[in-house]
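Chemist:
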Amino acid sequence: MKKIEKETILITSEGDSAYEIFTYNSSLKRRLAAFATRYPELCKKIRFSTDGSETYSVDKSRVSIRLLPPYSE
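Under my numbering, the first residue of the sequence shown carries the number 324, and numbering increases by one thereafter.
What follows is the structure, given as structure tokens:
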């Protein structure tokens with residue numbers, strides 16, 4: 324696969340208590356695997372594929388999305 328095709332997708336709805344995180348990103352996969360090992364009640368791998376993707380279910384209270392303003396010059 325080309326890099327442009329290797330996506331990371333967060334899926335949820337307002338009624339869900341967890342995010343599904345689908346990713347090909349090696350760094351994120353390592354971080355999710357370590358978190359799942361340490362906190363199995365909050366995070367677990369639910370799917371993987373031979374093409375290199377993995378999907379984790381992560382409790383919503385453990386995921387944060389930050390938007391950072393640009394640095395001033």
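For glycine and all other residues, C-beta sits at the position ideal for the given N, C-alpha and C.
#1: For L333, which residues does DSSP report across the bridge?
#2: Report yes if the CB atom of C366 is closer than 7 Å to the CB atom of V381, and no otherwise.
#3: Hey, T335 and K383 are a contact pair by Cβ (cut 8 Å); roughly how many whole angstroms apart?
#4: Taking Cβ to Cβ, would you say L333 is nearer than 7 Å to Y342?
#5: In this structure, how does DSSP classify E377 when only helix, strand and coil are distinguished?
Modeler: Quick look at the numbers:
#1: Stepping through the sequence shown from its first residue, residue 333 is reached at position 10. Per DSSP, the beta-bridge partners of L333 are I344.
#2: Residue 366 sits at position 43 when you count from the first residue of the sequence shown. Residue 381 sits at position 58 when you count from the first residue of the sequence shown. Result yes, Cβ atoms of C366 and V381 sit closer than 7 Å.
#3: Start at 1 with the first residue of the sequence shown, and residue 335 comes out as number 12. Start at 1 with the first residue of the sequence shown, and residue 383 comes out as number 60. Under the criterion of beta carbons closer than 8 Å, T335 and K383 qualify as touching, at roughly 7 Å.
#4: As a working mapping, residue 333 is identified with position 10 in the sequence shown. As a working mapping, residue 342 is identified with position 19 in the sequence shown. Taking the C-beta atoms as reference points, Y342 is found nearer than 7 Å to L333.
#5: By 1-based counting over the sequence shown, the position of residue 377 is 54. In this structure, E377 counts as strand in the three-state DSSP scheme.
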